[in-house]
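K.L.:
Got a structure for you, questions after.
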Ligand code: SF4
Ligand code: SF4
């Protein structure tokens, strides 16, 4: 038998060690959130084409029933997370800052399950194509936050030789403990989800990679994976952004994803542990993706914890269930502090990719004024892509898009490590983002010219 | 709380920042210079402290005034002018007249730093440039660098000067004395005790203000080359401001390469130049000119040592 839990700890070059603040929630047991009275299901809960609503105002819907259908391959259906009545089909505020067409459902409090939802047979009785279809119909998307449709990820073109599935249990963002809790609460499901993905991709090797700061999760998952052929648990150094796809792949396999390429180009498919859990859950119960673990935390929340929340529940309701604000929140962030998005309002709904709701006080959210770059090189030494962030951001500020491109602005994964570490408090990533956008625009212009 | 009353800040990620700031880093450099300052005070007396104070005051004042005149934000709070002041003072002989201190500091801050755009834009180290300026303008004031008060006569040569001119070798201090710097006065104000400077260097390493590459490789290069020139390596690395230069000036962020490979090349370059100037050049001492030359070469070094970006095989030079 081969060694299930390797003693070696993997890592990547670069990265930072921010204060993790996970102790706010990692020892607090997960609670099931109160049944929401009203849920708002946006037609965009994923990356890709938005869904088309298939219900109208006044319709009665059952829990798990599809309310928005996918409109293309890179799209994913959305489902009712409660049973009740459709109150409206209209534009509602979305965590992305815009108004997005949404189905608003008033819950009848009964959670009556759609009768067509039934457990599936053992996954080994399905073919790869059937598995992918089940996942697609269940609206499963990357639950780590990227929300890329999982069925697309599992549909790998035959010229790529994928030999490994990695489950991402790094959860390297500070504050968040949703994946940590999930791995402890249902390790068997996580492992089962990995096996299903391996079968869908027809690969023999699966790795569950977890940062060393989650010893309980490592133990739980290792136990669940014991004796299973081809499955390993890999410890990862606790370092941000260990859970970024490329860094994870390199840490675990030693391979690099070629620039502009996909993980599959390095022979790997990466999936979040939450996604794997959902895949297994769907096979077990037939229920599509309608709820998830959300960590509601930060110094502005009275009693932070990780909760099981239905998709469509307003952020404010989740915060209220954590005792509400303990002090005025200056910032409410969807996700973690490194890559999360600051919200304008708290009446937006929890999405399939909402891993955390982070509420920071004025002090915790304080960002000092930037000053001149002192060329200390720290940003370059922490960049996991080995870029020279201070140069790219300087070029972007001078509008030298050609130079941004030359210094590989497009390869930046926007992890924020450079801005975090900068002693001059420069907003490096923000300027690199501008640079990236411009480089892409110029490329498009060039492409148009060459074709015309 | 109603969400309409809430004023939520919306800014792009990341939403947290590390503690270290430009001023905390510069303050650490000042702290690291304190042991050497203490030795200087012990050996030279209050005059050393006066010179340092004068230089710091001049640097800070000229920075504030220039920034005012140039309508820039006044940045003296970042402590970088303080560092320049101390370093320049450390490079002066104890007999330096007060006006020379002032001229050197004004040149360093106004010409070398502010006229090139302020912190981060100067291409050579201001303190070193200030010293070089003084050395070329008033060589006699700058060279009577040291004397050896604990022996009979006051000489006007540093140990390296004695060596160079084939002077009385018995006047050469022992290795240990060179290292400690407590029993005689062998150089500019801040360079007399290798030990004190090393303590400061270790502090900077622990605080992660600098990394080991530039100081260790610079000093190592000199040590390795010394036997080839039939010199005592200990003597070579403890004298003539090598420690001060390698730990505190060659490591100046603004004027040294940011990449690991670049830092190695730069440090080896500093070491080679130092030995060459010491052995063949017109000056007995080579540290400041070596570092200045390598400062100038830094953009070129950077150009050829760009890191390999993730996901690209071997980077071709573009
Ligand atoms: S970390 Fe900040 S100060 Fe240092 S080189 Fe990068 S941008 Fe400049
Ligand atoms: S440049 Fe991009 S990839 Fe590199 S540290 Fe900054 S945000 Fe991360």
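Chains as they are written, first to last, in our numbering: chain A, 158 to 609; chain B, 622 to 939.
From the three backbone atoms N, C-alpha and C, an ideal C-beta is built for every residue, glycine too.
Mind pulling the chain A residues with CB within less than 9 Å of residue 642 of chain B?
P.N.:
Those within 9 Å of residue 642 of chain B in chain A are 525, 528, 580, 581, 582.
K.L.:
Output the distance between the C-alpha atoms of residue 671 of chain B and residue 757 of chain B, rounded to the nearest integer angstrom.
P.N.:
Whole-angstrom Cα-Cα distance: 24 Å.
K.L.:
Please report the straight-line C-alpha distance between residue 277 of chain A and residue 293 of chain A, rounded to a whole angstrom.
P.N.:
The straight-line gap from Cα to Cα measures roughly 14 Å.
K.L.:
What first and last residue would you give for the beta strand (DSSP E) that runs through residue 258 of chain A?
P.N.:
Unbroken beta strand (DSSP E) run through residue 258 of chain A: 256-264.
K.L.:
Relative to the C-alpha of residue 249 of chain A, which residue among A:469, A:270, A:482 is closest?
P.N.:
Answer by Cα proximity: A:469.
K.L.:
Mind checking whether residue 410 of chain A and residue 169 of chain A have CB atoms under 7 Å apart?
P.N.:
Their beta carbons are not under 7 Å apart, which means residue 410 of chain A does not touch residue 169 of chain A by this criterion.
K.L.:
Which word fits residue 199 of chain A, buried or exposed, when buried means at least 16 other C-beta atoms lie within 10 angstroms of its C-beta?
P.N.:
With 16 or more Cβ atoms within 10 Å of its Cβ, residue 199 of chain A is classed as buried.
K.L.:
Does the beta carbon of residue 762 of chain B come closer than 7 Å to any beta carbon on chain A?
P.N.:
Judged by the 7 Å Cβ criterion, residue 762 of chain B is not in contact with chain A.
K.L.:
For residue 532 of chain A, return the contacting residues in chain B, with the cut-off set at a CB-CB distance below 7 Å.
P.N.:
Residues of chain B passing the Cβ test: 741, 874, 875, 879.
K.L.:
Measuring only the C-alpha atoms, how far is residue 684 of chain B from residue 647 of chain B?
P.N.:
Taking the straight line joining both Cα atoms gives about 15 Å.
K.L.:
Among the residues of its own chain, which have a CB less than 7 Å from the CB of residue 590 of chain A, if the five just before and after it don't count?
P.N.:
The residues are 571.
K.L.:
I'd like to check one pair, residue 681 of chain B with residue 702 of chain B: are the Cβ atoms closer than 7 Å?
P.N.:
It is a contact, given that the beta carbons lie within the stated cut-off.
K.L.:
For ligand 2, list every residue whose C-beta falls under 7 Å from any of its heavy atoms, going in chain order.
P.N.:
Qualifying residues come out as A:536, A:539, A:540, A:541, A:542, A:544, A:546, A:549, A:569, A:570, A:571, A:572, A:573, A:574, A:575, A:576, A:585, A:586, A:589.
K.L.:
Please work out which residues of its chain come closer than 7 Å, Cβ to Cβ, to residue 395 of chain A, disregarding the five sequence neighbours upstream and downstream, and give them in chain order.
P.N.:
368, 369, 370.
K.L.:
Would you say residue 158 of chain A lies against chain B (beta-carbon separation less than 7 Å)?
P.N.:
In this predicted model, residue 158 of chain A has a pLDDT of only 37, less than 50, meaning its place in the structure is not dependable enough to derive any value.
K.L.:
Three-state secondary structure (DSSP) at residue 774 of chain B?
P.N.:
Reliability of the predicted coordinates at residue 774 of chain B is poor, the pLDDT of 38 falling under 50, and no value is obtained from them.
K.L.:
Report the residue from A:529, A:536, A:505 whose alpha carbon sits nearest the alpha carbon of residue 259 of chain A.
P.N.:
Checked all of A:529, A:536, A:505; the closest Cα to residue 259 of chain A is A:505.
K.L.:
Applying the criterion that 16 or more other CB atoms from any shown protein chain within 10 Å of the CB defines a buried residue, is residue 230 of chain A buried or exposed?
P.N.:
Exposed: under 16 other Cβ atoms inside 10 Å.
K.L.:
Counting only beta-carbon separations shorter than 7 Å, does residue 924 of chain B have a partner in chain A?
P.N.:
Chain A contact via Cβ: absent.
K.L.:
In chain order, what residues of the same chain have a beta carbon less than 6 Å from the beta carbon of residue 305 of chain A, not counting five sequence neighbours either side?
P.N.:
Hits under 6 Å: 204, 299.
K.L.:
Tell me which residues share the same chain as residue 516 of chain A and place their Cβ nearer than 6 Å to its Cβ, disregarding the 5 neighbours each side in the sequence.
P.N.:
So the qualifying residues of the chain are 455, 457, 458, 486, 489.
K.L.:
Output yes if chain A places a C-beta closer than 7 Å to the C-beta of residue 629 of chain B; else output no.
P.N.:
True, the Cβ-Cβ gap to chain A drops below 7 Å.
K.L.:
By the 9 Å beta-carbon criterion, what residues does the stretch 687-711 of chain B contribute toward chain A?
P.N.:
Residues passing the 9 Å Cβ filter: 694, 696, 699, 701.
K.L.:
What is the DSSP secondary structure of residue 462 of chain A, reduced to helix, strand or coil?
P.N.:
Three-state result, residue 462 of chain A: strand.
K.L.:
Would a C-beta distance cut-off of 7 Å place residue 734 of chain B and residue 746 of chain B closer than the cut-off?
P.N.:
Going by C-beta atoms, residue 734 of chain B is not nearer than 7 Å to residue 746 of chain B.
K.L.:
Compute every distance between the C-beta of residue 680 of chain B and the non-hydrogen atoms of ligand 1, then say whether any falls below 6 Å.
P.N.:
No - ligand 1 has no heavy atom lying nearer than 6 Å to the Cβ of residue 680 of chain B.
K.L.:
Run the proximity test for residue 581 of chain A: is its beta-carbon closer than 6 Å to any non-hydrogen atom belonging to ligand 1?
P.N.:
Yes, the beta carbon of residue 581 of chain A sits closer than 6 Å to at least one heavy atom of ligand 1.
K.L.:
State the beta-bridge partners of residue 246 of chain A as determined by DSSP.
P.N.:
DSSP, once it has assigned bridges, lists A:260 as partnering residue 246 of chain A.
K.L.:
Give the interface partners of residue 929 of chain B over in chain A, defined as CB-CB distance under 8 Å, in chain order.
P.N.:
By Cβ distance, chain A contributes 543.
K.L.:
Hey, how far is the Cα of residue 498 of chain A from the Cα of residue 253 of chain A?
P.N.:
About 8 Å.
K.L.:
In whole angstroms, what is the alpha-carbon distance linking residue 588 of chain A and residue 548 of chain A?
P.N.:
The alpha-carbon atoms of residue 588 of chain A and residue 548 of chain A are separated by roughly 11 Å.
K.L.:
Contact between the stretch 702-711 of chain B and the stretch 828-840 of chain B: three or more CB pairs below 8 Å?
P.N.:
Output reads no: the stretch 828-840 of chain B does not touch the stretch 702-711 of chain B.
K.L.:
Please report how far the alpha carbon of residue 247 of chain A lies from the alpha carbon of residue 197 of chain A, in whole angstroms.
P.N.:
Those two C-alpha atoms are separated by around 10 Å.
K.L.:
On the premise that residue 525 of chain A lies in contact with residue 638 of chain B, defined as a C-beta separation below 8 Å, what is that separation, rounded to the nearest angstrom?
P.N.:
Yes, they are in contact, since the Cβ atoms of residue 638 of chain B and residue 525 of chain A sit about 7 Å apart, within 8 Å.
K.L.:
Take residue 663 of chain B as the anchor and find which of B:929, B:636, B:715 has the nearest alpha-carbon.
P.N.:
Closest option to residue 663 of chain B, Cα to Cα, is B:715.
K.L.:
Tell me the DSSP secondary structure of residue 361 of chain A in three-state form.
P.N.:
Looking at residue 361 of chain A - three-state DSSP - the assignment turns out to be coil, as it is neither helix nor strand.
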